[in-house]
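One structure is given below, encoded as structure tokens.
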Amino acid sequence: MGSLFDGETWRSRRPYVTAEADFRHHGLDPAAMEIGEVCLITFSAGLFRRVLERVPWVDETFTWPYSTTPLKRCRTEGGTPFALHFPSYGGPRIANSLEQLAACGVRYVLGLGVGGTPQPDVAIGDIVVLEGAVRGDGVSRYYVPDEFPAVADFALTARLCRELDTHHERYHRGLSFGTDALYREGRALVERLRELGVLSLDLESSAFLTVGRRLGLKCCWAGVISDRLVEAEHEGNIHPEHVMETLLRLSDHLLRVIEGLNH
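Quick look at the structure:
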């Protein structure tokens with residue numbers, strides 16, 4: 001086993017390009033973006049559009065400089081400001097978005113997505129709240145050593161669980177596996193994850209939780225099981241449309257959690 005101090009990649013160095021400098025390239029001061037301290041991230045473009053339709057107030061005059069990763073400045077029903085963001089897919093994109101959000105003064109990031117399950121007792125449509133993730137992504141290795149855990153913020157996760165309990169939602173709590181290789185989720189890997197009790201597989205969670213914590217952000221992740229990797233054949237599919245109703249109900253819970261952060 002190598003030492004934590006063997007590698008140099010993750011150590012803090014002065015990078016050539018920073019999120020702050022990138023904003024200034026677009027003629028913007030990230031400190032003056034005024035997107036609030038809270039961001040709700042959806043890990044699906046279609047989900048982003050559907051959640052945006054449910055938001056009570058959206059600032060249509062606000063312009064985010066990165067058109068492929070849209071962000072809207074919003075308010076909850078009670079008037080709490082927050083940002084709604086789609087960072088595109090995969091660990092590298094979510095890492096870049098977290099850098100940009102941190103540069104703008106965001107402190108809390110709530111993730112909403114889908115995942116496949118290797119567990120036979122978890123069903124399509126079930127809600128999952130993550131406590132942490134197994135780091136199968138590559139980008140987090142540029143931020144922390146391999147032994148560093150991908151862990152959700154305890155207090156923010158506890159707020160979410162209280163919200164779900166109050167509304168009598170059934171959900172699973174546990175670990176995910178975040179990967180960069182969607183089309184390489186083979187049977188041997190899935191069987192090992194099943195043995196370890198991992199609840200779900202996705203493309204973002206480990207990068208999201210690891211990079212977020214490294215940047216000082218408080219992050220939590222909730223999602224819905226979209227497919228099952230437990231039989232010889234793949235059951236369900238990786239896209240969110242067939243579980244959209246549950247995702248939107250979960251987004252309402254997350255908006256109430258966001259509103260509670262203002263009190």
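Once you know that position 131 of the sequence shown is 131 in this note's numbering, the rest is easy, because the numbers rise by one and skip nothing.
Just so it is clear, CB atoms sit at the ideal spot from N, CA and C, and this is done for glycine as well.
Per the C-alpha coordinates, the member of 211, 177, 146 positioned closest to residue 196 is 177. When the beta-carbon positions are compared, residue 79 and residue 31 stay at least 9 Å from each other. Of all C-beta pairs linking the region 190 to 208 to the region 106 to 126, three or more are shorter than 8 Å, placing the two stretches in contact. The distance from the Cβ of residue 35 to that of residue 109 is about 12 Å, inconsistent with a contact at the 8 Å cut-off. 133 is the residue among 133, 210, 181 whose C-alpha sits nearest the C-alpha of residue 174. For residue 151, the CB contacts under 7 Å within the same chain, skipping 5 residues up- and downstream, are 132, 209, 213 in chain order. The region 171 to 225 contains, as complete alpha helix (DSSP H) runs of 4+ residues, the segments 187 to 195, 205 to 214 (chain order). Spatial neighbours of residue 93 in its own chain (CB-CB distance under 6 Å, excluding positions within 5 residues in sequence) are listed in chain order as 87.
Under DSSP, residue 235 takes part in a beta bridge, and its partners are 228. Within the model, the alpha-carbon separation for residue 24 versus residue 127 is close to 40 Å. For residue 60, the secondary structure class from DSSP, reduced to helix, strand or coil, is coil. By the C-beta criterion, the region 44 to 60 is judged to be in contact with the region 240 to 254, since at least 3 inter-stretch pairs fall below 8 Å.
Among the bridge pairs identified by DSSP, residue 253 is matched with none. Rounded to the nearest whole angstrom, the C-alpha separation of residue 231 and residue 159 is 35 Å.
Between the region 140 to 154 and the region 183 to 197 there are fewer than three C-beta pairs closer than 8 Å, too few to call the two in contact.
Contiguous beta strand (DSSP E) elements confined to the region 26 to 87 occur at 38 to 42, 71 to 75, 81 to 85, taking only those with 3 or more residues. For the 9 Å CB-CB criterion, residue 129 and residue 228 do not form a contact. When C-alpha distances from residue 171 are compared across 234, 137, 250, 141, the shortest belongs to 250. When secondary structure is reduced to three states using DSSP, residue 160 falls in the helix class.
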